[in-house]
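**Student:** Right, I'll just put the structure down here and ask away after.
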Amino acid sequence: MRQVFTDYTVSLLGSCTGPKGIHLLRHLLQTTCVTTTRSYQETEAMTEYIQVLTTTPDQTHAQDLAQKLVEQKLAGCVQILGPITSTYRWQGAIETATEWLCIIKSRNDLYPVLEHTIRANHPYAVPEVLAVAVVAGSAGYLGWLEGALLRREAHL
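In terms of the working numbering, the sequence shown is numbered consecutively and its last residue is 350.
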């Protein structure tokens, strides 16, 4: 299948670059895409990892939450970005607020406890808690993340 994709890509790009370009592109695609494909295949089973997003009304709440999640090993890392501007509908009205975004690195099996901890320590009545699957990642980073989180059997 990869070869079909490569040949298709080469034929599309080759129409713009001429016959010598086709040979060069084929070589580049075979040497770079194969490496990329192998790296992705090595990590594509890593979808057990997630990034959870939540927003807070200020930096202090964000930092307190980050500290708690990392201390409890529910998160390996929490990145805090802000201030950001959020526009949303709340109780029938369109609102705009300044918030701080927390990007929480964790694992699927920790999500229920992670969500409970966020909700229990959050000032909003309905906090944003959205998990996004990590479909691929570098083996080194994911290995570090695994070591920074609760052991799998420790929270069951």
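Where a beta carbon is used, it is the ideal one built from N, C-alpha and C, also for glycine.
1. Taking C-beta to C-beta, are L308 and L343 nearer than 7 Å?
2. Identify the residues that DSSP records as bridge partners of Q273: which are they?
3. In this structure, how does DSSP classify E289 when only helix, strand and coil are distinguished?
4. I'd like to know whether the C-beta atoms of T248 and I312 end up nearer to each other than 7 Å.
5. Relative to the C-alpha of A319, which residue among W284, S300, T292 is closest?
6. Determine the closest residue to S280 out of G341, G270, W294, with distance taken between C-alpha atoms.
7. When you compare the CB positions of A291 and I274, do they come within less than 7 Å of one another, or not?
8. Name the one or two DSSP bridge partners that W284 has.
9. For A253, which beta-bridge partners are listed by DSSP?
10. Mark A260 as exposed unless 16 or more other C-beta atoms lie within 10 angstroms of its C-beta, in which case mark it buried.
11. List, from N- to C-terminal side, the beta strand (DSSP E) runs of 3 residues or more that fit wholly inside the region 294-335.
12. For P277, which residues from the same chain have a beta carbon less than 6 Å from its beta carbon, with the 5 sequence-adjacent residues on both sides left out?
13. Taking the straight line between their C-alpha atoms, what separation do you get for S300 and I244?
14. Are the beta-carbon atoms of I298 and V272 separated by less than 7 Å?
15. For A305 versus A327, is the C-beta spacing smaller than 7 Å?
16. On the criterion of 16 or more Cβ atoms from any shown chain inside 10 Å, does T254 qualify as buried, or is it exposed?
**Tutor:** This is what the structure gives:
1. Pairing L308 with L343 gives a Cβ-Cβ distance that is not under 7 Å.
2. Bridge pairing for Q273: I297 [DSSP].
3. It is a strand residue.
4. In terms of Cβ geometry, T248 and I312 form a close pair [threshold 7 Å].
5. Among W284, S300, T292, the Cα nearest to that of A319 belongs to W284.
6. For the residues G341, G270, W294, the minimum Cα distance to S280 belongs to W294.
7. In this structure, A291 keeps its C-beta atom at 7 Å or more from the C-beta atom of I274.
8. For W284, which the question treats as bridged, DSSP gives the partners A287.
9. Looking at the sequence provided, one finds Gln at residue 253 rather than Ala. Assignment of beta-bridge partners to Q253 by DSSP yields no partner.
10. That one is buried.
11. If we require 3 residues or more, the beta strand (DSSP E) runs fully inside the region 294-335 come out as 324-327.
12. If the five residues before and after P277 are omitted, its C-beta is found closer than 6 Å to the C-beta atoms of T292, all from its own chain and listed in chain order.
13. Rounded to whole angstroms, S300 to I244 spans 5 Å at the Cα level.
14. Judged by their CB atoms, I298 and V272 are nearer to each other than the 7 Å cut-off.
15. Here residue 305 turns out to be Tyr, not Ala, going by the sequence shown. No.
16. By the Cβ-count criterion, T254 is exposed, with fewer than 16 other Cβ atoms from all chains shown falling within 10 Å of its own Cβ.
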